[in-house]
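Trainee: With my numbering as the guide, the letters of the sequence shown map in order to residues 57 to 152. Every residue gets a Cβ at the ideal spot worked out from N, C-alpha and C, and that includes glycine. On a predicted model such as this, the values are computed, not experimentally measured, just so you know.
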Amino acid sequence: MATVNQQDVAAEWLARGFSCDLWVDPPGQVWEDYRHATDELVMPVAGRLELEFDGRCLRPAVGEEVLIPAGVLHTVRNIGGTTAQWLYGYRRTQTG
57 MATVNQQDVA
67 AEWLARGFSC
77 DLWVDPPGQV
87 WEDYRHATDE
97 LVMPVAGRLE
107 LEFDGRCLRP
117 AVGEEVLIPA
127 GVLHTVRNIG
137 GTTAQWLYGY
147 RRTQTG
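(1) Sort out for me which residues DSSP pairs residue 98 with in a bridge.
(2) Using only alpha-carbon positions, find the residue among 85, 109 and 116 that is nearest to residue 101.
(3) Starting from the C-beta of residue 121, find all residues in its chain whose C-beta is less than 8 Å away, skip the five residues before and the five after it, and write them out in chain order.
(4) Using three-state DSSP, classify residue 17 as helix, strand or coil.
(5) Exposed or buried, residue 146, counting other C-beta atoms within 10 Å across all chains shown (16 or more means buried)?
(6) Would you kindly report the start and end of the unbroken beta strand (DSSP E) that includes residue 134?
(7) Could you give the DSSP three-state label for residue 114: helix, strand or coil?
(8) Quick one: what's residue 81 bridged to in DSSP?
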């Protein structure tokens, strides 16, 4: 099973203009029908996630990055029987 180094991912995402934070969900947690004004990256760290958007249903492996475009309605589910941990980040807006 792949392991994910959060500091390495955070540095790489920052270089691409994204934040990086860790989220932890209990088994069965569903975040349904969310939409953000900016692009979002998601990467599972532990457990099993399902992401649904743009008519697709994805089950990314640990360490696999998924880009959810700005404005797209999406749902994230913990489909495993254990706690799921995942990194998420939003594209930072330019100011000045």
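Mentor: Taking the geometry as given:
(1) The beta-bridge partner set that DSSP reports for residue 98 consists of 122 and 144.
(2) The residue with the shortest Cα to Cα distance from residue 101 is 116.
(3) For residue 121, the CB contacts under 8 Å within the same chain, skipping 5 residues up- and downstream, are 97, 98 and 99 in chain order.
(4) Outside the displayed range of the chain (57 to 152) lies residue 17, so it cannot be described from this structure.
(5) It counts as buried.
(6) Run containing residue 134: 130-134, per the beta strand (DSSP E) assignment.
(7) Residue 114: strand per DSSP, three-state reduction.
(8) In the DSSP output, where bridge partners are listed per residue, residue 81 has 140.
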